[in-house]
Amino acid sequence: MTNYEVMFIMDPALDEEVKAATVETVKGIIAAEGEVGNVDMMGLRKLAYPIQKKAEGYYVVVEFKAQPTLPKELDRRLKISDNVMRHIIVNKDEK
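With the first letter of the sequence shown counted as 1, position 78 gets the number 162 in the numbering used here; the numbers rise by one all the way through.
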């Protein structure tokens, strides 16, 4: 299994329940084929540049271990999510 990290930014206008449900959904996608590690709810932060006319976003970082096929599926699912404004998946083992 390979070590990965996904960081995603959610719309700050979402309710706390919706934010928590989105994080649980991401954890569920990962848990189906991998192992969820540390989940860091970084909270509301100022964005470097406006995204969808918003100056702030709610940041979440999830570390996980998975087979190389999982990040592609996770990327696809995050792209179509209305709650996620931006995301990035990083292979922590690649140097």
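Glycine included, every Cβ here is placed at the ideal spot set by N, Cα and C.
Between which two residues does the beta strand (DSSP E) holding residue 162 run? Element bounds for residue 162: not the beta strand (DSSP E) but the alpha helix (DSSP H), 154-163.
Under 7 Å, do residue 111 and residue 120 count as touching if we go by C-beta distance? yes
If contacts are defined as beta-carbon pairs under 8 Å, then residue 173 and residue 158 qualify, I think. What distance do you get, rounded to the angstrom? 6 Å
Could you tell me the alpha carbon to alpha carbon distance between residue 114 and residue 126, rounded to whole angstroms? 19 Å
Counterpart residues of residue 124 in DSSP-defined beta bridges: 145
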